[in-house]
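Residue numbers (the working numbering): 1 to 467. Below is one structure, written out as structure tokens, with a few remarks after it.
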Amino acid sequence: MANENVSIHGIWASRWVFILAATGSAVGLGNIWKFPYMAGVYGGGAFVLVYLLCIALIGLPIMLAETVLGRRGRQSPVNTLRSLAVQSAASPRWSWAAMMGMIAALLILSFYSVVAGWSLDYIIGMGRGEFAAIDGPGAGERFNGLTADPWRLTLWHSLFMLVTAFIIARGVVAGLERSLRIMMPMLFVLLVILLGYALTTGHFMEGVEFLFHFNLSEVPDGILAAMGHAFFTLSVGVGSIMVFGAYMPKKSSIGSTVITVALLDTVVALTAGLALFPIVFAAGLEPGGGPGLMFVTLPIAFGNIAMGQVFGFIFFVLVAVAAWSSAISMLEPAVAYWVERSGRSRAQITGCIALFCWVVGLGTVLSFNVLADAKFFVRDALGWHLIQWGAEGGKTFFELVDYLTSRIMLPLGGLLFALFAGWVLDREVFRAELGLRYPRLFPVVYWLLRYVAPVGVLIVFASELLK
Ligand code: PFF
Ligand code: NA
1 MANENVSIHG IWASRWVFIL AATGSAVGLG NIWKFPYMAG VYGGGAFVLV
51 YLLCIALIGL PIMLAETVLG RRGRQSPVNT LRSLAVQSAA SPRWSWAAMM
101 GMIAALLILS FYSVVAGWSL DYIIGMGRGE FAAIDGPGAG ERFNGLTADP
151 WRLTLWHSLF MLVTAFIIAR GVVAGLERSL RIMMPMLFVL LVILLGYALT
201 TGHFMEGVEF LFHFNLSEVP DGILAAMGHA FFTLSVGVGS IMVFGAYMPK
251 KSSIGSTVIT VALLDTVVAL TAGLALFPIV FAAGLEPGGG PGLMFVTLPI
301 AFGNIAMGQV FGFIFFVLVA VAAWSSAISM LEPAVAYWVE RSGRSRAQIT
351 GCIALFCWVV GLGTVLSFNV LADAKFFVRD ALGWHLIQWG AEGGKTFFEL
401 VDYLTSRIML PLGGLLFALF AGWVLDREVF RAELGLRYPR LFPVVYWLLR
451 YVAPVGVLIV FASELLK
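This is the structure we're talking about:
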């Protein structure tokens, strides 16, 4: 039986280190790269509104629940759920939810590493001064040139995966703190500098309008996309926050800690959006430009401000670090699980799992070039096709993995975690672990967890099926 004060994988030195690690996990490409491009694809306002509602009503309660479960169980998510279920006289099969989450996290890592690799390429580009006085078309060409080259993508993908695996192999609790303590605030400062540039473009209000123009009469097309992104951006539904919760010191209050992390994540995403869209409009680019959005707009900004190359260089370093601290948290649930299960060395296990993610990631690398025409789940007059070459609709490999994880596995995992924490775990245990500073809020949080979050996920799933 696991001891409730320690875990075999280590314990954070303090609540602050947990905040750093959890913020490191939450703040990443999801905020700076994915949020703006998805808001662009789904037309802004309504998407952003649903996203914010999902964060507050669904994501945050589940994030609290995951942390509580983790600290209570003190093991990898799979074994945490198993042992808590047994203690609560429930079925050990609850652990399957964590198993699914663990797999989802590895699948996310497979493409996350490829995109993080883009930022590595841009670090070099900035260092070489490739972006001086660049314009919209030039920036677009630079990006397309990168994604068209499978070897270059593979190189950066491999490098990023290696660095991630290296840290995980040594253990998360050591070493993470020092780098994140400086880098995370720096990232935010640079985003604010970019925001300052966006203010000078003369298109700032257009950006604001695009992001916050809510038209309540129309249910957004991207309702499932927005909910899925709320899970993705908070690192919720996969067990990443749970496993970090397992390393949290006994005495710290989970409530205020987790709320801080969720707030920081939201602020970073909104700041990134507010910085990017004015540049999009000023350069006459398409807001719905897809995954390349950030990699096309930001170089324009850096190419045109004083000391832009220096800022740009630092910025992409920070993006890479933010991605790296998120990637670490995707690997940890699976590594912790196999260490508990097999007792083999952390290094060996990390190597195997990272290799698996690397191989799957090659699919994403090729989906931007050689296999761009391989489309999965194509629907035409004849019905569904698993894979079709050159079809109109359907998803590339990258889109498929992204869809399966963000839109299905994460919300489903989150739903199961919420049901477990809300209905299986003892209410008093939950209350005690949460340790809210304002105890009168507890009924609200508990109600969100038991009813609002699960029903919310189900409604969004249903609305997608009825579309
Ligand atoms: N939250 C991260 C981001 O916004 O970039 C992505 C992420 C990290 C997703 C960890 C899932 C995860 F387990
Ligand atoms: Na995030």
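C-beta: ideal position from N, C-alpha, C; glycine also.
Residue pairing from DSSP places LYS395 in a beta bridge opposite PHE376.
For THR233, the Cβ falls inside the 6 Å cut-off from some heavy atom of the ligand PFF. Under the three-state reduction of DSSP, HIS229 is assigned to helix. ALA26 and SER342 do not touch by the CB rule: their CB atoms are close to 30 Å apart, not below 8 Å. Taking 7 Å as the cut-off, the beta carbon of ASN31 is found closer than this to the beta carbon of ALA272.
A straight line joining the alpha-carbon of GLY456 with that of ILE62 spans about 12 Å.
In this structure PRO150 touches LEU366 by the C-beta definition: roughly 6 Å separates them, less than 8 Å.
Taken through DSSP and simplified to helix, strand or coil, GLY383 comes out as strand. Boundaries of the alpha helix (DSSP H) harbouring TYR37: 35 to 41, taken from the DSSP string. Using a 10 angstroms sphere on the CB of ARG427, the tally of other CB atoms stays under 16, which defines it as exposed. Pairwise C-beta distances place the stretch 331 to 340 in contact with the stretch 74 to 90, as three or more of them are shorter than 8 Å. In the three-state DSSP reduction, GLN75 falls in the coil class, being neither helix nor strand. The beta carbons of GLN388 and VAL401 sit no closer together than 7 Å. If you check the CB distance, ALA327 and THR164 come in under 7 Å. Rounded to the nearest whole angstrom, the CA to CA distance from MET294 to ASN5 is 43 Å.
Under the three-pair Cβ rule at 8 Å, the stretch 14 to 21 does not count as touching the stretch 295 to 307.
Between the ligand NA and the CB of GLY239, the shortest heavy atom gap is not smaller than 6 Å. MET409 has its Cβ no nearer than 6 Å to any heavy atom of the ligand PFF.
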